[in-house]
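Novice: Pasting a structure here, questions to come.
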Amino acid sequence: MQGQHHGGEARRFPSIEDHLVTPETTRDEVVRGRRLVAFPANPPHAIRQGKLEFVVEGNVVDGYTSAVEMLTRVGPGSDFAADVAVMREGTDPATGTRYLEELVFEVVSEQSMRDITERAEDLSNRGVRRVIAIFIKRGEVREWDRARNDWRTLPLDSEFSDPVLVRAFPVRALLDTKLGADAVAEGLNAKGNPALVRIKAEVHSEAWAGGKAEGWAEGKEEGKEEGRAEGRAEGRAEGRAEGRLEGRADSVLLLLELHGQKPTSEQREAITACTDMARLGRWLAKASAVASVAELLTIE
Numbered sequence: 003m004q005g006q007h008h009g010g011e012a013r014r015f016p017s018i019e020d021h022l023v024t025p026e027t028t029r030d031e032v033v034r035g036r037r038l039v040a041f042p043a044n045p046p047h048a049i050r051q052g053k054l055e056f057v058v059e060g061n062v063v064d065g066y067t068s069a070v071e072m073l074t075r076v077g078p079g080s081d082f083a084a085d086v087a088v089m090r091e092g093t094d095p096a097t098g099t100r101y102l103e104e105l106v107f108e109v110v111s112e113q114s115m116r117d118i119t120e121r122a123e124d125l126s127n128r129g130v131r132r133v134i135a136i137f138i139k140r141g142e143v144r145e146w147d148r149a150r151n152d153w154r155t156l157p158l159d160s161e162f163s164d165p166v167l168v169r170a171f172p173v174r175a176l177l178d179t180k181l182g183a184d185a186v187a188e189g190l191n192a193k194g195n196p197a198l199v200r201i202k203a204e205v206h207s208e209a210w211a212g213g214k215a216e217g218w219a220e221g222k223e224e225g226k227e228e229g230r231a232e233g234r235a236e237g238r239a240e241g242r243a244e245g246r247l248e249g250r251a252d253s254v255l256l257l258l259e260l261h262g263q264k265p266t267s268e269q270r271e272a273i274t275a276c277t278d279m280a281r282l283g284r285w286l287a288k289a290s291a292v293a294s295v296a297e298l299l300t301i302e
């Protein structure tokens, strides 16, 4: 998965940390000799970039890390930062610097096609394996095709996969907030995230305890044939209903936590005590979009 050029080819490029501008003291970037100012983003760009980093970081394999707005000396006349990138952790022994980015994502809102294309060409020529552009206004995701020297549109219903990602997810998840959150949940689950492991263990433990209690009640009534049969049927039905309620409430809490919403103990109790399956479903559908837990609980 290593993308940085080495050997004779590496000598054509300056070090990725040999900057033309000073990081964290200026907004300047350099693209093919042109000194540009990296302007602050409007809401559509800023929000999508934040969601994009959330999706990427949640799916990066061990040994790799994501980075945001990291300045890279891309070529002799180019020194700029990608919106979101994935690179190997640690120091590249061949260069003594950090590793070159392998996977780069750019969010495109107001930028010109010329600007994003020049950046993609320079990154690709430097050795970055893949450059992905998310075109907000067009609702498109494109990948730079080095062989064709042009952009290639990725079907939104196809899967996006890469060796640096723990699992594939829909291309559309790069544009859709809900699908992005689902991709993060699946990615964290695939990585054995400790919090998810704990949550699943708690759910399993509660289900086991409930089943044991139900079995004890059934055994106690064993001598009463009619009551036992009737009680088992009612108990199973009640247990299944309770299990569905608990599972949906846990899903609401998990989705809130993945989006940085921390319920208070009272709010958590309100969610777990809800016995309205339809209302829990409406909470689950909105958990990734609300601004606060309080807002979610106002949904009837």
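Using our numbering, you'd call the opening residue of the sequence shown number 3 and step up by one each time. Yeah, the Cβ is synthetic: ideal placement off N, Cα and C, and Gly gets one too. Owing to the predicted nature of the structure, the values given are computational and were not obtained by experimental measurement.
1. From residue 43 to residue 26, what does the alpha carbon distance come to, in whole angstroms?
2. In its own chain, which residues sit with a C-beta less than 8 Å from the C-beta of residue 153, not counting the 5 before and 5 after it?
3. Provide the residue(s) that pair with residue 146 in DSSP beta bridges, ordered along the chain.
4. Relative to the C-alpha of residue 275, which residue among 291, 128, 248 is closest?
5. Given residue 56, which residues of its chain have a CB within under 7 Å of its CB, disregarding the five upstream and five downstream residues?
6. Let me know if residue 61 comes out buried or exposed under the rule of 16 or more other beta-carbons within 10 Å of its beta-carbon.
7. Measure the alpha-carbon distance for residue 168 versus residue 59 and round it to whole angstroms.
8. Measuring CA to CA, which of 93, 250, 176 is closest to residue 201?
9. Hey, how far is the Cα of residue 229 from the Cα of residue 284?
10. Give the secondary structure of residue 197 by DSSP, where H, G and I count as helix, E and B as strand, and everything else as coil.
11. Of the choices 278, 282, 267, 272, whose alpha-carbon is the least far from that of residue 254?
12. Express the C-alpha separation of residue 272 and residue 103 in angstroms, rounding to a whole number.
13. Do the stretch 72 to 91 and the stretch 100 to 115 touch if we need at least three Cβ pairs shorter than 8 Å?
14. Give the straight-line distance between the Cα atoms of residue 114 and residue 157, rounded to the nearest whole angstrom.
15. Short of 7 Å in beta carbon distance, which residues of its chain neighbour residue 46, apart from the five on each side in sequence? Order them along the chain.
16. Give the secondary structure of residue 81 by DSSP, where H, G and I count as helix, E and B as strand, and everything else as coil.
17. Determine whether the beta carbon atoms of residue 22 and residue 81 lie at a separation below 8 Å.
18. In terms of residues, what are the limits of the beta strand (DSSP E) holding residue 30?
19. Leaving out five residues before and five after residue 270 in sequence, what residues of the same chain have Cβ atoms less than 7 Å from its Cβ?
20. Near residue 299, which residues of its chain fall below 7 Å by C-beta distance, leaving aside the five closest residues on each side in sequence?
21. Exposed or buried, what is residue 2 when buried is set at 16 or more other beta-carbons lying within 10 Å of its beta-carbon?
22. Thinking residue 198 and residue 54 are a contact (beta carbons under 8 Å), I'd like their distance in whole angstroms, please.
23. Please state if the CB of residue 290 and the CB of residue 180 are separated by a distance shorter than 8 Å.
24. Could you work out which residue in 160, 28, 19 is closest to residue 94 when comparing CA atoms only?
Specialist: This is what the structure holds:
1. Taking the straight line from one Cα to the other gives about 17 Å.
2. Beyond the five residues adjoining it in sequence on each side, residue 153 comes within less than 8 Å, by CB distance, of 119, 122, 135, 144, 145, 146, 147 in the same chain, given in chain order.
3. Beta bridge pairing from DSSP links residue 146 with 153.
4. It is 248 whose Cα lies nearest to the Cα of residue 275.
5. Excluding residues up to 5 positions away in sequence, 182, 186 lie with their Cβ nearer than 7 Å to the Cβ of residue 56 in the same chain.
6. By the 10 Å Cβ count, residue 61 comes out buried.
7. Each residue's alpha carbon lies about 10 Å from the other.
8. Ranking the options by Cα distance to residue 201, first place goes to 250.
9. Confidence in residue 229 is poor, its pLDDT being 49 and thus under 50, which makes the residue's placement unreliable; the coordinate value appears in the next sentence. In this structure, the alpha-carbon of residue 229 lies about 38 Å from that of residue 284.
10. Assignment of residue 197 by DSSP, reduced to helix, strand and coil, places it in the helix class.
11. It is 282 whose Cα lies nearest to the Cα of residue 254.
12. Taking the straight line joining both Cα atoms gives about 45 Å.
13. The count of Cβ pairs closer than 8 Å, one atom from the stretch 72 to 91 and one from the stretch 100 to 115, reaches three, so the stretches are in contact.
14. In a straight line, the C-alpha of residue 114 is about 22 Å away from that of residue 157.
15. Hits under 7 Å: 111, 138.
16. Correct three-state label for residue 81: strand.
17. Yes.
18. Element bounds for residue 30: 30 to 33.
19. Cβ neighbours of residue 270 beyond the five flanking positions: 255.
20. These residues qualify, in order along the chain: 269, 272.
21. The requested residue 2 is not part of the displayed model; the chain covers only 3 to 302.
22. Wrong, their Cβ atoms sit about 22 Å apart, outside the cutoff.
23. Closer than 8 Å, so yes.
24. If we check each option's Cα against that of residue 94, 19 comes out closest.
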